[in-house]
């Protein structure tokens, strides 16, 4: 029975809903409505077993898997930059030929070097962690630390924003491209050899050789654009297409299309290392006309990377009932040191 104390020491039953400080005669836990807030206070029945585990929102970030970090940038830097060199030389007798010289040559060709600098901004990112003394006390009593929960929320938002910057950049900033939408990368549509002239992997699933041809064509295009220097070591594609590749490639059912592609490709055959084919949610609808795409590149710090300053924390400040601190960092833009080592095919 729920009762409320009144003047004179008597007690009366609560006949209608109201917000009061209440006690129970049966020792059951109860909380008044004033404490029902973001701290996580809940009414708990006598026969109810509450799981104390905190279940955070589901979110997937993969940037740490797919790109190398440039870690030499610091909180005092405004820009991250790198240089690219171009070499030039004329031939001997034939300016477009080899550098032949004679025993009595007086005009010997010289090599030329041109160095360009590419600089990109490091932008500040921040979020405030704040709570009142009362929130903190209530959270401590409940065993659900509000400061740790809010910090987890900040960390998740930070990771999600980095994930977006790495893959698609920031459309509101000029030239802030991600891995998947850099206009300098080679891009084209896959062949329309599927059922009814389709281009998607789903329309080609009954003829795995067509899917293999699409993947090999992408690798070959990027390889050629790099002057045959780098065969792409990584391919990203939407989760749905990645799932399709797990179907068997032969009637005997001994090998999936995915496993077959990881071994039978120019990168694996020339280096002895397996091709990495991985699912990436950002490949969904990122191609021309909103089509799904696959992206090929070589994961190497000297080819493509992301400059990042880790999260920093300001001292805690106290104002009235509030405790506040700010977590901040610097986020850069993807550095395409050699954009010609990246490429994509859309319509898959």
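Residue numbers (our numbering): 7 to 354. Using N, Cα and C, we set each Cβ at its ideal position, and we do this for glycine too.
Item                                                                                                                                                                               : Value
Quick one: is residue 90 buried, meaning 16 or more other Cβ sit within 10 Å of its Cβ, or exposed?                                                                                : exposed
Does the structure place the segment 158-172 close enough to the segment 196-215 that three or more beta carbon pairs sit under 8 Å?                                               : no
Do residue 97 and residue 104 have their beta-carbon atoms positioned less than 8 Å apart in this structure?                                                                       : yes
For the beta strand (DSSP E) that residue 240 lies in, which residues bound it at each end?                                                                                        : 240-243
When DSSP labels each residue in this structure, what does residue 66 get in the three-state scheme?                                                                               : coil
Under 8 Å Cβ to Cβ from residue 33, same chain only, skipping five residues before and after it: list those, please.                                                               : Residue confidence is low: residue 33 scores 44 on pLDDT, short of 50, so the model does not pin down where it sits. Its coordinate-derived value is still stated next. No residues qualify anywhere along the chain.
Just how far apart, CA to CA, sit residue 308 and residue 333?                                                                                                                     : 30 Å
Once DSSP output is grouped into helix, strand and coil, what is the label at residue 349?                                                                                         : strand
Judging by CA-CA distance, which residue of 172, 324, 315, 350 is the nearest neighbour of residue 78?                                                                             : 315
Just confirm the distance between the C-beta atoms of residue 262 and residue 275, as a whole number of angstroms; I'd bet it's less than 8 Å.                                     : That belief does not hold up - the Cβ atoms of residue 262 and residue 275 are roughly 19 Å apart, past 8 Å.
On the three-state DSSP scale, how would you describe residue 88?                                                                                                                  : strand
For residue 328, which beta-bridge partners are listed by DSSP?                                                                                                                    : 138, 325
DSSP has residue 124 in a bridge; who is on the other side?                                                                                                                        : 88
Apart from the five residues on each side of it in sequence, which residues of its chain come closer than 6 Å, Cβ to Cβ, to residue 240?                                           : 282, 303, 305
Checking the sheet assignment: what are the DSSP bridge partners for residue 93?                                                                                                   : 119
For the segment 248-314, which segments carrying the beta strand (DSSP E) assignment without a break, of at least 3 residues, lie completely within its bounds, in sequence order? : 282-285, 299-303
Would residue 207 pass as a contact of residue 250 if the rule is Cβ separation under 8 Å?                                                                                         : yes
Roughly how many angstroms separate the alpha carbons of residue 172 and residue 311, rounded to a whole number?                                                                   : 9 Å
Give the DSSP-derived three-state secondary structure of residue 130 in the structure shown.                                                                                       : strand
For the beta strand (DSSP E) containing residue 74, list its first residue and its last residue.                                                                                   : 74-76
At the level of alpha carbons, what is the spacing between residue 190 and residue 268?                                                                                            : 27 Å
Here's the rule: buried if 16 or more other CB atoms are within 10 angstroms of the residue's CB, otherwise exposed. What is residue 321?                                          : exposed
In whole angstroms, what is the alpha-carbon distance linking residue 298 and residue 345?                                                                                         : 21 Å
Grab me the residues of residue 327's own chain with a C-beta within less than 8 Å of its C-beta, minus the 5 sequence neighbours each way, in chain order.                        : 138, 139, 140
Taking just the CA atoms, how far does residue 242 sit from residue 284?                                                                                                           : 5 Å
Going by C-alpha distance, which of 124, 176, 158, 157 is nearest residue 337?                                                                                                     : 176
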